[in-house]
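Since the structure comes first, as structure tokens, the remarks are kept for the end.
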Amino acid sequence: MGLTPSSQSKGLSPSASPGAIHLEFHSSGNHYVWRKVTSTVHNIIVGKLWIDQSGDIEIVNHKSKDKCQLKFTPYSYFSRDVPRKVTGVVTDADGKAHYVMSGTENAENMYFFSDLALTLNESEERVAPTDSRLRPDQRLMENGKWDEANVEKQRLEEKQRAVRRRREAEAVEALEEGEFDWVAGFSR
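Heads up, the sequence shown is in my numbering, so the first residue is 521 and it goes up one at a time.
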């Protein structure tokens, strides 16, 4: 992944505009390229800090030639439009629209997600079974089912704890029965 950032500051609101980002999945051959939108930090000196995303993104899959075009409308004190509005369309190689999107940025629904998880967290074919994108609690969280995701995460963690306790008990039992000797400079 490559990144060439640039930044500028207009008084009290500095902005950052990342350069082109490349992501290639060698197993599938999917090669995505995009430029992230401009991020502007507001109220540096006075007031509550907040970040506004604005600009256009075109995400291109160079293997399939599919494109996703997103527009992040900048916040304006004088606009009657919905704040943090995002619109977009996903097209195939022939330019035929398959998905049309419209909504708002909901940062509170993306809490603790990395940039990669926010932009490319869809699973692909033939990934390792340990790939975190396959975790059921993560899939539930991505779908906004927070309560179910928490229950599933607790279930998975308790299952892992039970396996660990069982393995520790088996190790102690094997040691007590003399099934092996320690090799750390001394033996039992």
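In this text, a Cβ means the ideal position worked out from N, Cα and C, and glycines have one as well.
Query, Result
"Residue 644: which of 541, 549, 542 and 539 sits nearest, CA to CA?", "549"
"Going by beta-carbon coordinates alone, are residue 583 and residue 546 separated by less than 9 Å?", "no"
"Taking residue 571 and residue 556 to be in contact with their CB atoms under 8 Å, please state how far apart those CB atoms are, rounded to whole angstroms.", "Contact doesn't hold; Cβ gap of about 12 Å is too wide."
"Could you tell me whether the segment 587-602 touches the segment 558-574, using the rule of 3 or more Cβ pairs below 8 Å?", "yes"
"What does the alpha-carbon distance come out to for the pair residue 563 and residue 648?", "44 Å"
"If you draw a straight line from the C-alpha of residue 621 to the C-alpha of residue 588, how long is it?", "10 Å"
"Return the CA-CA distance between residue 607 and residue 623, expressed in angstroms with no decimal places.", "6 Å"
"Which residues in the same chain as residue 613 place their Cβ atom closer than 8 Å to its Cβ, once the five residues preceding and following it in sequence are excluded?", "584, 585 and 586"
"Just to confirm the assignment, what range does the alpha helix (DSSP H) spanning residue 591 have?", "From DSSP, residue 591 is part of no alpha helix (DSSP H) but of the beta strand (DSSP E) over 587-592."
"Secondary structure at residue 675, three-state DSSP: helix, strand or coil?", "helix"
"Answer with buried or exposed for residue 682, where buried requires no fewer than 16 other C-beta atoms within 10 angstroms of its C-beta.", "exposed"
"Could you compute how far the alpha carbon of residue 674 sits from the alpha carbon of residue 650?", "18 Å"
"Do residue 653 and residue 642 have their C-beta atoms within less than 9 Å of each other?", "yes"
"Around the Cβ of residue 667, are there at least 16 other Cβ atoms within 10 angstroms (buried) or fewer (exposed)?", "exposed"
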